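Protein sequence lines correspond, in order, to chains C and A. Note that our numbering has the first sequence beginning at 1, numbered continuously upward. Note that our numbering has the second sequence beginning at 194, numbered continuously upward. Heads up: the structure comes next, in C-alpha cells.
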Amino acid sequence: MKRICSLILFLLLFCFASGWADENIPESRLSLTASYFGEMVLHPGFKAGIEYRIMEGKKASLSVPLAAGWYRHIRNHQMLSVESGLVGRLSSKGPFFSDLLLGAGYGLKKPDGSIYFEDEEGSILTESASWTSRFLVTAALGAGFDFGKNARVKLSPFLRLGFFGEYPYNTYMLLHPFLESGIRVRLPKAHKR
Amino acid sequence: MKLGTAVILLILLSSCSFYFTDGDYFFISREDAVLPVWVKGNTESGVFIIFNHGGPGETASYVTNFKAMQALEEDYALVYWDQRCSGISQGNPSTDSFTLEDFIADLDLLVDTIEYQYSPNSIFLYGVSWGGTLGTAYLTDSIRQQKISGFIEEGGGHNMVLLMELSSGIIQDHAEAMVAEGNETDFWQDAVDFFAAHPDSTEWTAEDYYEYASYLRNADPYTYETDEYPDEYAGPGGSDIFLSPISFALFFNPGKLVPNFNILSLNLNPDMGFITLPVLLLWGEYDINSPAGLADNAESFLGTPPADLRKVIIPNAGHNTFIDQPDTFISEVETFIEANK
C-alpha cells in the first residue's frame, strides 16, 4: 500500500516538476467532459462534468474535475455518483497526453431488481429497491489525444482505466474496475469588452 | 467514430448475455444483507430445487453452466442464491450477523419467497459442502422441515469436528508419504508440523484454517477428467465475470466472512434425529475435503426412515460429484425427486 501511495505521489510531483512556465493560456481554464463509463468495462453508463485547470505548464497541468454519472450493472446494481478530485496530466511532444486521476465522491446505489423481505408478522412483501448512500474513491490512469491549442476543434478524446472503491459494502470497501472513454472540450476564453 | 461504434457494440454484446435475460432474478433482504436469487429452468414443473452453495463464502452465480445443472433445469426450476457476505451478495450487514441462525433465517426467507412467488408443488433443498451443513441445520426445525419435500446433501459438513478429523488425517498421511519419498519435503514437513502443533481443529483460527486449506489443495484432491466430458464447463472465465451480474465481491466477500464465521466446532449430530423427510446423501469416493465417512455419520444420525434414505458413494468422484460424475449425479437426483415430489 505504501508503495502504491509513493508511486501516486511521485507521479503527481513529476507533473509539477515538469514545469509550469507558460501562463499564457489561449483558451479558458474550463473544459467540459462527457464520457461512456463502463463499470467492469462493459456495464454501461455515462459521466458528464467539468474540469478546471488550476495550474498549467508546457508539458504538465493539474486540474480539478467535477463529474456526475450513472451506470447500470444489470441484475446487480445501479449507481448514481458525483465526484471531484485532481487530474495530473502530462503532455508529450506530439499530440498525446497521459493523466492520473485521484478522486472522491458520493454515490447513491440500489440493487438492480425487486427486493423481497418479511414484515414483523412474517408476511412476504416486495418493493422496488431503494437508493442508499455510498462513499466513493477513485484512482485511474488515462491517455488521450489533444488536437492542439490552435486547432479549430478543441476536442480531446481520452480513455481511462482504473478502480473505484465503494464503501460500505459488507463492512469493507469493494473495488470496481472501470473503463471511461470520452471527450474533453476546452471552452474558449471569454473576451473582455 | 470507430471508438463510438466499438462502445455501442460492447454494450449490445453485454445486454445479450444469457446472464441478463434467462429466468427470474430478484433479491431477498434481511438484517441489512441483500442476497441475489436467480430462478432458472422449468418453473412450469412445479418442482423447485434450492441450491445452497459451499464455502462459507462461495457462490451459486455461475453454477448454471455445469452440465448437471443444465440437465436438471430442463425438468425442474433451479433456485441459485448467494448467502450473506458470500459470492456477489450485497448490502452492509454487521459481522455480528454472520451466525448460523442468520444463515438459516435467510434460507427460510428464501423458501417463503419462493412459496409466495411461485406456489410450487414441492421444494427440495440441495446443499453442497457447507451448503449441505446449512441445509441440515435448516431442517432440524420441524416447522421449517414441513416446507421441504426432500433434502440432497452432497459432501456436506454436518459434523465439522469429524470432518476436520477425517480430512486432516488423510492430508497428514499424504504429507508423511511425501516427506518419506523426498518429494517437496519442505512444504510437506511444514504440513506434518502444522497438524502436530494443531491437533484440535475446534481451536483453530482463520489463519490456521487457511493453512490447512493450502495443504488440502496440494494433497492431490480428485479432479474430474475433462477428456471424459469435453463440453463440460471448466469454471468461470472472462464472459462469466465481465458479462454477468458478477462483481469483484466474488473475490472479497469470503475474505470478510470466513474470519468472522468460524464453523469448525459445529456438530449437528445431536439434532439430526429430528430430520425425518426423504434424504439423498451423495458423496465422492475420493473426497478428501469431506470424506465419505461423513455420509456414514449422516446415515447413523438422521431420523429419516430407511426406506426414504439413500446413500450413494459415487466412484471416481471428489468433493463435487455434480462436476466429477454428472451422469451418475443426474440419474440419482432425478430418481430421488421423481419419487418424492
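A virtual CB, placed ideally from N, CA and C, is assigned to each residue, including glycine. Everything numeric in this text was worked out from a predicted model, so none of it was measured.
Do we get a CB-CB distance below 9 Å when we pair residue i with the residues of chain A?
| i | result |
| --- | --- |
| residue 115 of chain C | yes |
| residue 112 of chain C | yes |
| residue 75 of chain C | yes |
| residue 80 of chain C | no |
| residue 24 of chain C | Residue confidence is low: residue 24 of chain C scores 49 on pLDDT, short of 50, so the model does not pin down where it sits. Its coordinate-derived value is still stated next. For residue 24 of chain C, the answer is no, since every Cβ of chain A falls outside 9 Å of its Cβ. |
| residue 108 of chain C | no |
| residue 42 of chain C | yes |
| residue 118 of chain C | yes |
| residue 168 of chain C | yes |
| residue 187 of chain C | no |
| residue 177 of chain C | yes |
| residue 48 of chain C | no |
| residue 129 of chain C | yes |
| residue 172 of chain C | yes |
| residue 122 of chain C | yes |
Look up residue i in the DSSP assignment and give the residues it is bridged to.
| i | result |
| --- | --- |
| residue 55 of chain C | C:62 |
| residue 183 of chain C | C:34 and C:157 |
| residue 213 of chain A | Per DSSP, none; premise fails for residue 213 of chain A. |
| residue 197 of chain C | Limits of chain C in this structure are 1 at one end and 193 at the other, which puts residue 197 of chain C out of reach. |
| residue 318 of chain A | A:243 and A:344 |
| residue 83 of chain C | C:67 and C:105 |
| residue 284 of chain A | A:226 |
| residue 265 of chain A | Partner(s): none; residue 265 of chain A has no beta bridge. |
| residue 272 of chain A | A:232 and A:243 |
| residue 111 of chain C | C:77 |
| residue 313 of chain A | Residue 313 of chain A pairs with nothing; no bridge assigned. |
| residue 218 of chain A | A:231 |
Do residue j and residue i count as a contact pair if the criterion is CB distance below 9 Å?
| i | j | result |
| --- | --- | --- |
| residue 124 of chain C | residue 306 of chain A | yes |
| residue 162 of chain C | residue 145 of chain C | no |
| residue 280 of chain A | residue 252 of chain A | yes |
| residue 476 of chain A | residue 320 of chain A | no |
| residue 181 of chain C | residue 159 of chain C | yes |
| residue 228 of chain A | residue 523 of chain A | no |
| residue 392 of chain A | residue 511 of chain A | no |
| residue 278 of chain A | residue 250 of chain A | yes |
| residue 140 of chain C | residue 101 of chain C | yes |
| residue 76 of chain C | residue 284 of chain A | no |
| residue 94 of chain C | residue 69 of chain C | no |
| residue 232 of chain A | residue 293 of chain A | no |
| residue 273 of chain A | residue 287 of chain A | no |
| residue 220 of chain A | residue 74 of chain C | no |
Helix or strand or just coil, what does DSSP make of residue i?
| i | result |
| --- | --- |
| residue 136 of chain C | strand |
| residue 410 of chain A | helix |
| residue 41 of chain C | coil |
| residue 165 of chain C | strand |
| residue 546 of chain A | No information on residue 546 of chain A is available, as it lies outside the stretch 194 to 534 that chain A covers here. |
| residue 201 of chain C | Residue 201 of chain C is absent from the structure shown; chain C starts at 1 and stops at 193. |
| residue 24 of chain C | At residue 24 of chain C, the pLDDT of 49 sits below 50, so the modelled position is not reliable; the number obtained from the coordinates is stated separately. Reduced to three states, the DSSP call for residue 24 of chain C is coil. |
| residue 254 of chain A | coil |
| residue 172 of chain C | strand |
| residue 323 of chain A | helix |
| residue 431 of chain A | helix |
| residue 116 of chain C | strand |
| residue 381 of chain A | helix |
| residue 126 of chain C | strand |
| residue 403 of chain A | helix |
| residue 336 of chain A | helix |
| residue 260 of chain A | helix |
| residue 527 of chain A | helix |
| residue 291 of chain A | coil |
| residue 147 of chain C | coil |
When the cut-off is 9 Å and only beta carbons count, does residue i lie next to chain C?
| i | result |
| --- | --- |
| residue 305 of chain A | yes |
| residue 258 of chain A | no |
| residue 323 of chain A | no |
| residue 284 of chain A | yes |
| residue 399 of chain A | no |
| residue 382 of chain A | no |
| residue 302 of chain A | yes |
| residue 516 of chain A | no |
| residue 439 of chain A | yes |
| residue 337 of chain A | no |
| residue 484 of chain A | no |
| residue 449 of chain A | yes |
| residue 220 of chain A | yes |
| residue 333 of chain A | no |
Worksheet item: Where are the alpha helix (DSSP H) runs, 4 residues long or more, that stay fully inside the segment 338-379 of chain A, in chain order?
Response: Fully contained in the segment 338-379 of chain A are the following alpha helix (DSSP H) runs of length 4 or more, in chain order: 353-374.
Worksheet item: Which runs of the beta strand (DSSP E) fall wholly inside the segment 442-522 of chain A and span at least 3 residues, in chain order?
Response: Runs of the beta strand (DSSP E) inside the segment 442-522 of chain A: 472-477 and 502-507.
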